[in-house]
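Take the sequence shown: its letter number 97 is residue 658 in the numbering used here, and every next letter is one higher. The beta-carbon is built from N, C-alpha and C at its ideal position, and this holds for glycine as well. Here the structure comes first, spelled out in structure tokens, and everything after it is commentary.
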Amino acid sequence: GEVLVFLDAHCEAFDGWLEPLLFDIKNNPNFAITPIIETIRLQDFSIDPQEVITSSVGTFDWNGDFDWYFADDQNSSSDLLRSPAMAGGLFAIKKDFFFQSGSYDD
């Protein structure tokens, strides 16, 4: 295929999760697209949907430590946000761009 999708083993995908990623990849072929992640409640395994339109962006502080920045200036949850870092096991990317940008280490 033309698009690679990475999901860690602990991820659970729901109906309609893939189509928005593929749409964004088609329109932005040199992006790695990550979805908004919902939380699964430990008590009953129900979904805890995000109540506000916000996305987290991976960042680094001046000590080089990774942290999440919560971007609250989006117009909608489908707005693309540029990020210098992302979770490594939950994204979609064009196959040729993945290998062009270095892929994963051996």
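How many Å lie between residue i and residue j at the Cα?
{"i": "Gly619", "j": "Gly663", "result": "19 Å"}
{"i": "Asp605", "j": "Gln661", "result": "43 Å"}
{"i": "Asp622", "j": "Asp628", "result": "7 Å"}
{"i": "Asp609", "j": "Pro596", "result": "15 Å"}
{"i": "Cys572", "j": "Ser607", "result": "14 Å"}
{"i": "Val613", "j": "Lys656", "result": "The predicted model places Val613 with a pLDDT of 49, which falls under 50 and marks its position as unreliable; any figure quoted below should be read in that light. Roughly 32 Å between the two C-alpha positions."}
So which of the options has the shortest CA-CA distance to residue i?
{"i": "Leu583", "options": "Phe652, Cys572, Phe606", "result": "Phe652"}
{"i": "Phe648", "options": "Tyr630, Asn624, Lys656", "result": "Inspection of the sequence shows that residue 648 is occupied by Ala rather than by Phe. Of the candidates Tyr630, Asn624, Lys656, the one whose C-alpha sits nearest the C-alpha of Ala648 is Tyr630."}
{"i": "Asp569", "options": "Ile598, Arg602, Phe658", "result": "Ile598"}
{"i": "Ile594", "options": "Glu573, Asp626, Ile601, Trp578", "result": "Trp578"}
Starting from residue i, follow the alpha helix (DSSP H) in both directions and report where the run begins and ends.
{"i": "Leu579", "result": "579-588"}
Please report the residue range of the beta strand (DSSP E) in which residue i lies.
{"i": "Phe658", "result": "Taken as a continuous stretch (DSSP letters only), Phe658 belongs to no beta strand (DSSP E), being part of the alpha helix (DSSP H) at 656-661."}
{"i": "Phe567", "result": "564-568"}
Tell me whether residue i is buried or exposed, calling it buried when 16 or more other Cβ atoms sit within 10 Å of its Cβ.
{"i": "Asp667", "result": "exposed"}
{"i": "Lys587", "result": "exposed"}
{"i": "Glu563", "result": "exposed"}
{"i": "Ile654", "result": "buried"}
Given a cut-off of 7 Å on the beta-carbon distance, is the pair residue i and residue j in contact?
{"i": "Phe567", "j": "Gly650", "result": "yes"}
{"i": "Leu565", "j": "Phe659", "result": "yes"}
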